[in-house]
Amino acid sequence: MVTFEDQKSQKFQKRERKPERFGVSLFPCHFSLQFETPRVSYSTEVGREISMASSSSSLSSHGYEIPWVEKFRPTKVKDIVGNADAVSRLQVIARDGNMPNLILAGPPGTGKTTSILALAHELLGPSYKEAVLELNASDDRGIDVVRNKIKMFAQKKVTLPAGRHKVIILDEADSMTSGAQQALRRTMEIYSNSTRFALACNTSSKIIEPIQSRCALVRFSRLSDDEILGRLKFVADSEKVPYVPEGLEAIIFTADGDMRQGLNNLQATYAGFRFVNQENVFKVCDQPHPLHVKNMVRNVIDGRFDDACSGLKQLYDLGYSPTDIITTLFRIIKNYDMAEYLKLEFMKETGFAHMRICDGVGSYLQLCGLLSKFSIACLTAKA
Ligand SMILES: Nc1ncnc2c1ncn2[C@@H]1O[C@H](COP(=O)(O)OP(=O)(O)OP(=O)(O)O)[C@@H](O)[C@H]1O
Ligand SMILES: [Mg+2]
1 MVTFEDQKSQ
11 KFQKRERKPE
21 RFGVSLFPCH
31 FSLQFETPRV
41 SYSTEVGREI
51 SMASSSSSLS
61 SHGYEIPWVE
71 KFRPTKVKDI
81 VGNADAVSRL
91 QVIARDGNMP
101 NLILAGPPGT
111 GKTTSILALA
121 HELLGPSYKE
131 AVLELNASDD
141 RGIDVVRNKI
151 KMFAQKKVTL
161 PAGRHKVIIL
171 DEADSMTSGA
181 QQALRRTMEI
191 YSNSTRFALA
201 CNTSSKIIEP
211 IQSRCALVRF
221 SRLSDDEILG
231 RLKFVADSEK
241 VPYVPEGLEA
251 IIFTADGDMR
261 QGLNNLQATY
271 AGFRFVNQEN
281 VFKVCDQPHP
291 LHVKNMVRNV
301 IDGRFDDACS
311 GLKQLYDLGY
321 SPTDIITTLF
331 RIIKNYDMAE
341 YLKLEFMKET
351 GFAHMRICDG
361 VGSYLQLCGL
371 LSKFSIACLT
381 AKA
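Numbering follows full-length UniProt numbering, in which position 174 of the sequence shown is assigned residue number 174; successive positions increment by one, without gaps.
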């Protein structure tokens, strides 16, 4: 049996790149994180904490580790982190009942599925099993399923307390064909006295307008760094993961507002190295090292164009795709301490280059061209 841990360590063996060691803090100006644990204690505590970690109870009955995203999936609406407005709306529905048809829309890993499941559990309690129909993109949700399975479920009689309705959860609803969505329109209306729908999707515009107009839209946005940090610390403490603050900062950087990604990266780093620090995180996540990219930007701004290009060449030769490089570059520029107008210019040019890369022109020359645009912008600003 291949365990989660085995899979991760195989992945590390395959990777031959060794990101350089950087001795300075990664994000000196953008994070003002308050860590309760003093930094000095780590070097002496690691051995003890590792032995404590091995006694943690994250193994399933089969002996392999349960993904922490599932183990720590909130079961109550109030435990969902971030998106305070959306969560408070859902809390009111969970308390008062009479759930409207809902569309939860937002980026991946922000808690949409978790919210719907928690809401359905809170509304229906022990009746959950018979009163909830859950369909996601892995199920067939073509027009036949809407006509048969969904309609049959809507017609089914289930005794529920006043103010409670059967719930049909259509997760990843943006992957439903428009034909299937059309077939849902009338069903939603006819059975509205006994059945309510909850749709989750990444892009609300992929839900046809008639369905949108029948639903209350709850928008989720990317989670803030502090929100992710709080959750990471909670999970790390529960699992007795030894970490240094810079390690969690690096995870937050790689997660980019996606809690699922953050937790997975935390678990992968712990599984691979048993210690969460900056270096280990970037080895596991296999993204261009932000400090390397930051140096590139600094070189351009300081007029050392050749150095910037050779930094870029190093990354390119390491095998990072232009998309990887430009994504990290964008995040670095967004937080770089520089004149506002220059930052906007850099971001605009990065956006254009990203668009060209997405169109298929992802060459080294394209990235070099971007650095030269940066250079020109700096020279123009100075003139
Ligand atoms: N807001 C949150 N608070 C706490 N944990 C969260 C939150 N968002 C995501 N998670 C964690 O990430 C996991 C995945 O979240 P979830 O399935 O709700 O994401 P999603 O928004 O439905 O993403 P997708 O659009 O990819 O389906 C959860 O099991 C949970 O552990
Ligand atoms: Mg989901």
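Virtual Cβ for every residue (Gly too), placed ideally from N, Cα, C. The structure presented is a predicted model; accordingly, all values stated were derived computationally and were not measured.
- Query: beta strand (DSSP E) containing Arg219: first to last residue?
  - Reply: Taking the first residue of the sequence shown as position 1, residue 219 is located at position 219. First-last of the beta strand (DSSP E) with Arg219: Ala216 to Arg219.
message: Quick check on Ile376: buried or exposed, where buried means 16 or more other Cβ atoms within 10 Å of its Cβ?
response: In the sequence shown, residue 376 corresponds to position 376, counting from 1. Under this definition Ile376 is an exposed residue.
| said: Quick check on the DSSP output: the beta strand (DSSP E) that includes Ile116 runs from which residue to which? | reply: Stepping through the sequence shown from its first residue, residue 116 is reached at position 116. Counting along the chain, Ile116 falls outside any beta strand (DSSP E), though it belongs to the alpha helix (DSSP H) covering Lys112 to Leu124.
Do you know whose CA, among Ile333, Met176, Asp337 and Ala173, lies nearest Glu349's CA? Taking the first residue of the sequence shown as position 1, residue 349 is located at position 349. Each of Ile333, Met176, Asp337 and Ala173 was checked against the Cα of Glu349, and the nearest Cα belongs to Ile333.
| Which class does Phe27 belong to by DSSP, given the choice of helix, strand or coil? | Start at 1 with the first residue of the sequence shown, and residue 27 comes out as number 27. Because Phe27 sits at a pLDDT of 44, beneath the cut-off of 50, its placement in the model cannot be relied upon, and the following sentence gives the value as read from the coordinates. Correct three-state label for Phe27: coil.
Exercise for review: Taking only the alpha-carbon atoms, compute the straight-line gap between Gly311 and Glu130 and give it to the nearest angstrom.
Suggested key: Residue 311 sits at position 311 when you count from the first residue of the sequence shown. Residue 130 sits at position 130 when you count from the first residue of the sequence shown. The straight-line gap separating the alpha-carbon atoms of Gly311 and Glu130 is approximately 59 Å.
Practice task
Return yes when at least one heavy atom of ligand 2 lies under 7 Å from the C-beta of Lys240, else no.
Solution key: Numbered from 1 along the sequence shown, position 240 holds the residue referred to as residue 240. Every heavy atom of ligand 2 is 7 Å or more from the Cβ of Lys240, so no.
By DSSP, does Glu345 sit in helix, in strand, or in coil?
In the sequence shown, residue 345 corresponds to position 345, counting from 1. Here Glu345 sits in helix by DSSP.
Quiz prompt | Proximal residues to Phe346 (C-beta, below 7 Å), its chain only, five neighbours per side dropped | solution = Translated into positions along the sequence shown, residue 346 becomes position 346. The residues are Ile333, Phe374 and Ala377.
- Ser363 versus Ala381: straight-line alpha-carbon distance, rounded: The residue given as residue 363 occupies position 363 in the sequence shown. The residue given as residue 381 occupies position 381 in the sequence shown. Distance between the alpha carbons of Ser363 and Ala381 is about 28 Å.
- Item | Met176 classed as buried or exposed, judged by whether at least 16 other C-beta atoms fall within 10 angstroms | Taking the sequence shown and counting its residues from 1, one reaches residue 176 at position 176. Note on Met176: 16 or more other CB atoms within 10 angstroms of its CB, so buried under the neighbour-count rule.
Is it the case that the stretch 156 to 168 contacts the stretch 190 to 209, given that we only count it when at least three CB pairs across the two stretches are under 8 Å?
Counting C-beta pairs with one atom in each stretch, the stretch 190 to 209 and the stretch 156 to 168 have three or more that are closer than 8 Å, which means they touch.
Quick check on Val40: buried or exposed, where buried means 16 or more other Cβ atoms within 10 Å of its Cβ? In the sequence shown, residue 40 corresponds to position 40, counting from 1. Since pLDDT at Val40 reaches only 31, below the 50 mark, its modelled position is unreliable, and the value read off the structure follows with that caveat. The residue is exposed, with fewer than 16 neighbouring Cβ atoms inside 10 Å.
Practice problem: Find out if the Cβ-Cβ distance for the pair Met99, Val167 is shorter than 8 Å. | Solution: As a working note, residue 99 is residue 99 in the sequence shown. As a working note, residue 167 is residue 167 in the sequence shown. Yes; because the gap between Cβ atoms is below 8 Å, this pair is in contact.
- Element boundaries [beta strand (DSSP E), containing Thr195]: Mapped onto the sequence shown, residue 195 falls at position 195. Where Thr195 is concerned, the enclosing beta strand (DSSP E) stretches over Thr195 to Cys201.
### Query
Going by DSSP, what residues sit across from Lys78 in a beta bridge?
Position 78 of the sequence shown, counted from the start, is the residue given in the question as residue 78. Under the DSSP definition of a beta bridge, Lys78 lacks any partner.
Ordered along the chain, which non-local residues of its own chain (more than five positions away) have a Cβ less than 6 Å from that of Ile211? Indexing the sequence shown from 1 puts residue 211 at position 211. Gln181.
request  = Kindly indicate which three-state DSSP category Ile208 falls into: helix, strand or coil?
outcome  = Working through the sequence shown from its first residue, we reach residue 208 at position 208. In the structure shown, Ile208 falls within a coil segment according to DSSP collapsed to helix, strand and coil.
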